[in-house]
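Visitor: The sequence shown begins at 15 in the numbering used here and counts up one residue at a time.
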Amino acid sequence: MLELSAYIHLNALRAGLVEDPIKYRWCSYRSYVRENKDDLVERDFLFAQFSQNKKVAMRQYERFVKGRMGQGHREDFYELKDQRFLGEEEFVDNVHRRLNEESPFVYDISLGQIASEVSSALHLPTDLLHSLSRNRQGPLGRAVTGYVGRKLGGYQIKTTAAHFHRDPVVISQGIRRLENKLKEEKGFVKTVIGIEQSLIRKSSRKILI
15 MLELSAYIHL
25 NALRAGLVED
35 PIKYRWCSYR
45 SYVRENKDDL
55 VERDFLFAQF
65 SQNKKVAMRQ
75 YERFVKGRMG
85 QGHREDFYEL
95 KDQRFLGEEE
105 FVDNVHRRLN
115 EESPFVYDIS
125 LGQIASEVSS
135 ALHLPTDLLH
145 SLSRNRQGPL
155 GRAVTGYVGR
165 KLGGYQIKTT
175 AAHFHRDPVV
185 ISQGIRRLEN
195 KLKEEKGFVK
205 TVIGIEQSLI
215 RKSSRKILI
């Protein structure tokens, strides 16, 4: 879990958004390495693996993460499950579901809000996401909504499918294609991150990983 935690906290650095994870405000890393009485992050489990002294553990955890700043993509954080290749987000989702029996994602936000934000960012009419049109942008918008919904709100594929009145298999396939697109198109990664950041600013936090 230590390695996975560090890997998640370094996502923004690998994406080229910051040079130091402490400068990226949209993840919980700051809460692990800075004192904050009002923070909701549960750090004790990870800190206990370094020291029972919280300040000592905090410094050692920060050193641990920084020691991995030069690492790139980790193949060992990908695996085959149900005969398909899992992307980073789905891998994390599955790990936490096994531990907690529910998704850990953290913001109080509706799928309707997410769909509206996606439509705005992709310059699509909102009703296109619900339409039966053959326009390829509709499936893309639904896939981004499902992807972001799972990441920020913990929505399962079947919930997203019901929202758009689609078969869960179709939504799942769309998200899988989106994950492949995100591996190949850095510009679109920034678009999706922008959607996430905008939604986070407008939403209240419930709990963080």
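Note that CB positions come from ideal geometry on N, CA and C, so glycine has one too.
1) Quick one: residues in its chain with C-beta nearer than 6 Å to the C-beta of Leu138, no 5 flanking neighbours on either side, listed in chain order?
2) Taking DSSP as the reference, what is the three-state secondary structure of Tyr13?
3) May I ask which residues mark the beginning and end of the alpha helix (DSSP H) holding Glu76?
4) Figure out for me which residue from Ser124, Met83 and Leu18 has the closest Cα to the Cα of Val162.
5) What did DSSP end up calling Tyr43 once you bin it into helix, strand or coil?
6) Measuring straight from C-alpha to C-alpha, what distance separates Glu224 and Arg148?
7) Closest by CA to Glu131, which one among Leu213, Ala29, Leu196 and His179?
8) Alpha carbons only, please: which of Lys68, Glu56 and Leu60 is nearest the one belonging to Val79?
9) Suppose you measure from the CA of Glu193 to the CA of Ala157; what does that come to, to the nearest Å?
10) Grouping DSSP H, G and I as helix and E and B as strand, with all else coil, what is Ala175?
11) Going along the chain, which residues of its own chain have a beta-carbon closer than 6 Å to the beta-carbon of Gly160, five neighbours each way excluded?
12) Alpha carbon to alpha carbon, how far is Val70 from Ser117? Give it in angstroms, no decimals.
13) If we call anything under 9 Å between Cβ atoms a contact, is Tyr46 one with Tyr75?
14) Can you give the Cα-Cα distance for Ile207 and Val183, rounded to whole angstroms?
15) Tell me where the alpha helix (DSSP H) around Tyr161 begins and ends.
Guide: Once the coordinates are examined:
1) Gln151 and Gly155
2) Only positions 15 to 223 of the chain appear in the structure, and residue 13 is not among them; the question remains open.
3) Lys68 to Lys80
4) Ser124
5) Helix.
6) The chain is shown only over 15 to 223; residue 224 falls outside these bounds and no answer can be derived.
7) Leu213
8) Leu60
9) 9 Å
10) helix
11) By the criterion of a C-beta distance shorter than 6 Å, Gly160 is surrounded in its chain by Thr174, Ile185 and Ile189, once the five residues flanking it on both sides are discounted.
12) Since pLDDT at Ser117 reaches only 43, below the 50 mark, its modelled position is unreliable, and no value is offered.
13) Yes, they are a contact pair.
14) 25 Å
15) Gln151 to Val162
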